[in-house]
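Taken in order, these protein sequences are the chains called C and P.
Going by my numbering, the first sequence opens with residue 1, and the numbers climb by one from there.
Going by my numbering, the second sequence opens with residue 1001, and the numbers climb by one from there.
In this text, a Cβ means the ideal position worked out from N, Cα and C, and glycines have one as well.
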Amino acid sequence: MKAKLGFFDFTGCEGCQLEVLNFETELVELLNHVDIVNFREAKTEREDNYEIAFVEGSITRESEIPRLKKIRQQAKIVVALGACACLGGVNCLKNFRPMEENLRIVYGDAARYYDTIPARPISSIVPVDYYVPGCPIDKKEFLKVTKALLLGKRPEIPNYPVCVECKLAGNVCTFDKGETCLGPVTRAGCNAICISNGRHCWGCRGPVDDPNTNSEKEILQKHGLTVEDILNQFRIFNGYLEVSK
Amino acid sequence: MENKIIEKQNMAPFVDNLINAEAEVIGPKRKDGKYAFDKLIETGELCLDYDTTLLPPKMYLFPPKETLIKFELGKEPKVEPVAEAKPLILFGVHPYDIKAIELLDVAFSTTNPDINYLSKREKAVIIGVDCLNPNPNAFCPSLGTATAETGFDLMLTDIGDSYVVAIGSSKGEQLLTKYAETREASQAELAQRNSERQKALARYKVTLNISPEELPQLLGKSWDSPWWKEKSEKCLSCGSCIVVCPTCFCFDVQDDIALNLKEGERYRQWDGCMLADFAAVAGEGNFRGDKESRFRHRMYRKGKYIWERYEKLGCVGCGRCASACLAEIASPAETFNKLKEESK
Ligand code: SF4
Ligand code: SF4
Ligand code: SF4
Ligand code: SF4
Ligand code: SF4
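Below, the structure is given as structure tokens:
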């Protein structure tokens, strides 16, 4: 029996679903083991007999809540896909402005036809079984999680900070170059790709289970950031979390 | 031990010859204002006057990630062990890293010999170089790791216009005969080597206020010190200190399966006691679930447990951990000195 998968999108850029579609060769192989019964991005026919639901996007409208609850009711396993679904993601930037103002900025005169609520991760509405973090998700990690689910194993994603992979990649620490970084509190799994490419970590994979954010904030301050700067760093992807408030 | 001289202008041809010979040559190169071991393409990249490297050369003997077995699932599962090794020349290894490799040699061959490490080790040639510009966090002289008498095939010391080369093995001697232009070292040149080493000792900034032999006992009575909690408060559990350490040898083993859900491999990757889940076990348990016990454990490993098990120190004083730790808490020297002070 092939497992039945569904992909669902809420508020996000659809970048994570695109990543899945970008697999090409791997996706074809995966289809030997699964039926994708619901994937708006990829196909028009839809069935609602899925067992594993991959959910992309954060919740930013009232109308999304019952839809998400229905998916949870149907699926045996719900996997949050990407920073928006896992954390709230960049959408949470709007939470720091009154909702009416957001509507006015985005829709102008048509604002009264739309509703908007503070952006939130899907786990704030329904229980989530597993997470594939990142903005966008990492294709290898998506496959790793999916393979584990198909084999009936518990998918493991790293619970150590980006620094581990950053050091293994042989990078010089951004702090040693006079810059700052959220790597010490952010969940690894991306191979520290941003630092290896000359940038720093913005925290798109969200925090590890027990991040030492006090220590991280102290270090950021010691390296020249103001309290405001620090909040702005965390708010890029982690605006829903206490650390950004 | 026999000593030769290589004039500085003859060093580049020697290294070039090695690069063009059968083996891969790994040496310290510049990297964003620091240094890193990497494969040498040409001699010009080699920096023999480096302070220390980001990662230790052990990564070439005990890679961060390494396949152990390949398998195929089915009614009769197939299992094939993997132990890849190719000839390797580690060029420009500092004495403290040589001492660290000597510890790994013992750790990986005691009780259950580690075929993956040992096969790589057997094919590796170590050409050392004395560290004359120590990094500011190093404290090698306090541990007796500023120079090495064993553990290398050749050992170079920069004495100005030339290098003194100590020959540590017949393998080293052969390489020298085959690929380098050398001459006998004079008494004056050997005296010069001693004086360069002496001058280097004065350049270390950190000193241990206790002899290494006393460390196990000191730690033994410091279990309940308030230092552990106080200092570990800032720990990010980021693992930087254990990843950069030349003497850490812990690893985690995991399986990876192909998309056909049949073939796969079992691999190991570096792991370490400062990471939150290192001592996690089934059923949500964790033997060292808090920062304090992890911080203490690492210091016990460095100063007590390893010594008791292998009669070698678990720390060679390279200072990499202290340089890497953003919370500024990882230096064993700081902890050992503090505990010594407390014990008075
Ligand atoms: S996590 Fe990033 S890539 Fe994925 S949907 Fe959200 S914004 Fe797009
Ligand atoms: S650059 Fe960032 S992720 Fe890398 S070691 Fe430094 S703090 Fe950690
Ligand atoms: S380095 Fe940080 S920001 Fe970049 S992908 Fe990894 S977690 Fe995301
Ligand atoms: S001691 Fe420092 S480097 Fe080590 S895990 Fe803690 S914060 Fe990271
Ligand atoms: S504990 Fe620190 S100083 Fe000692 S060998 Fe390891 S990295 Fe070097």
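- Chain order is used for the residues whose beta-carbon lies nearer than 6 Å to a heavy atom of ligand 5, namely P:Val1244, P:Cys1245, P:Pro1246, P:Thr1247, P:Lys1302, P:Cys1315, P:Val1316, P:Gly1317, P:Cys1318, P:Gly1319, P:Arg1320, P:Cys1321, P:Pro1332.
- Per the Cβ contact rule, the region 24–36 of chain C is not in contact with the region 82–95 of chain C (fewer than 3 Cβ pairs under 8 Å).
- Setting aside the 5 residues that flank it on each side, Ala192 of chain C is surrounded in the same chain by Val162, Glu165, Cys166, Ala169, each with a C-beta closer than 6 Å to its C-beta; the list follows chain order.
- Residue P:Pro1077 holds the alpha-carbon nearest to the alpha-carbon of Glu1263 of chain P among P:Val1164, P:Met1274, P:Pro1077.
- Taking every residue with its beta carbon within less than 7 Å of a heavy atom belonging to ligand 2 gives, in chain order, C:Pro161, C:Val162, C:Cys163, C:Cys166, C:Lys167, C:Asn171, C:Cys173, C:Thr174, C:Phe175, C:Cys181, C:Gly183, C:Pro184, C:Ala192, C:Ile195, C:His200, C:Cys201, P:Cys1238, P:Ser1240, P:Leu1326.
- Partner residues in the beta bridge of Met1155 of chain P, as assigned by DSSP, are P:Gly1128, P:Ala1166.
- Between Lys1234 of chain P and chain C, the shortest Cβ-Cβ separation is below 7 Å.
- Shown in chain order are the members of the region 1063–1075 of chain P whose Cβ falls below 7 Å from a Cβ of chain C: Pro1064.
- Within the same chain, and ignoring the five residues on either side of Ser196 of chain C in sequence, the residues whose Cβ sits closer than 8 Å to its Cβ are Cys166, Ala169, Asn171.
- Exclusion of the five residues before and after Asp1277 of chain P leaves Asn1286 as the residues of its chain whose Cβ lies within less than 8 Å of its Cβ.
- When only Cα atoms are considered, Tyr50 of chain C and Gly6 of chain C end up about 6 Å apart.
- If you check the C-beta of Ala1330 of chain P against ligand 4, you find a heavy atom less than 6 Å away.
- Taking a cut-off of 8 Å for Cβ pairs, the region 1144–1155 of chain P and the region 1084–1097 of chain P touch, as three or more such pairs fall below it.
- Burial check for Asn22 of chain C: the Cβ neighbour count within 10 Å stays below 16, so the residue is exposed.
- The beta carbon of Tyr1050 of chain P is closer than 6 Å to those of Pro1028, Tyr1035 in its chain, skipping five residues each way along the sequence.
- Contact annotation: Glu26 of chain C and Leu1259 of chain P have beta-carbon atoms nearer than 7 Å.
- Taking the Cα of Ser1232 of chain P as reference, the smallest distance to any Cα among P:Pro1064, P:Leu1054, P:His1297 is reached at P:His1297.
- Interface annotation for the region 1112–1138 of chain P against chain C: empty, criterion Cβ-Cβ distance under 8 Å.
- Think of a sphere of 7 Å around the beta carbon of Lys1229 of chain P: no beta carbon from chain C falls inside it, the nearest being about 14 Å out.
- Secondary structure at Arg46 of chain C: coil, using DSSP grouped into helix, strand and coil.
- Taking the Cβ atoms as the reference, Ile1005 of chain P lies roughly 5 Å from Arg1183 of chain P, within the contact range of under 8 Å.
- For the set P:Gln1217, P:Leu1068, P:Thr1110, the Cα lying nearest the Cα of Arg1301 of chain P is the one of P:Gln1217.
- The region 194–208 of chain C and the region 67–87 of chain C touch, with no fewer than 3 CB-CB distances between them shorter than 8 Å.
- In terms of Cα proximity to Val1243 of chain P, the closest of C:Lys147, C:Glu24, C:Leu231, C:Tyr160 is C:Tyr160.
- The contact set of Val1243 of chain P on chain C, defined by CB atoms closer than 7 Å, consists of Val164, Lys167, Leu168 in chain order.
- Just measuring C-alpha positions, the residue of P:Asp1256, P:Asp1038, P:Leu1055, P:Ala1023 sitting nearest Cys1241 of chain P is P:Leu1055.
- Selection C:Leu68, C:Ile117, C:Gln74 evaluated against Arg61 of chain C yields C:Ile117 as nearest (Cα-Cα).
- Leaving aside the five residues that flank Cys1321 of chain P on each side, the residues in its chain whose CB is nearer than 7 Å to its CB run, in chain order, Cys1241, Val1244, Cys1245, Ala1330, Ser1331.
- In this structure, the beta-carbon distance from Phe1251 of chain P to Asp1271 of chain P falls below 7 Å.
- Less than 7 Å separates the beta-carbon of Gly189 of chain C from that of Pro158 of chain C.
- Counting other Cβ atoms within 10 Å of its Cβ, Leu1219 of chain P reaches 16 or more and is therefore classed as buried.
- Identification of chain C residues near Cys1238 of chain P by a Cβ-Cβ cut-off of 8 Å yields Tyr160, Pro161, Cys163, Val164, Gly183, Pro184, ordered along the chain.
- The three-state reading of DSSP puts Lys1344 of chain P in coil, since its state is none of H, G, I, E or B.
- As the crow flies, the alpha-carbon of Thr146 of chain C is around 30 Å from that of Arg199 of chain C.
- When beta bridges are read from the DSSP output, Val1281 of chain P appears opposite P:Gly1285.
- Within its own chain, the residues whose Cβ lies closer than 7 Å to the Cβ of Lys1070 of chain P, once the five positions on either side in sequence are excluded, are Glu1080, Val1082, Glu1265, listed in chain order.
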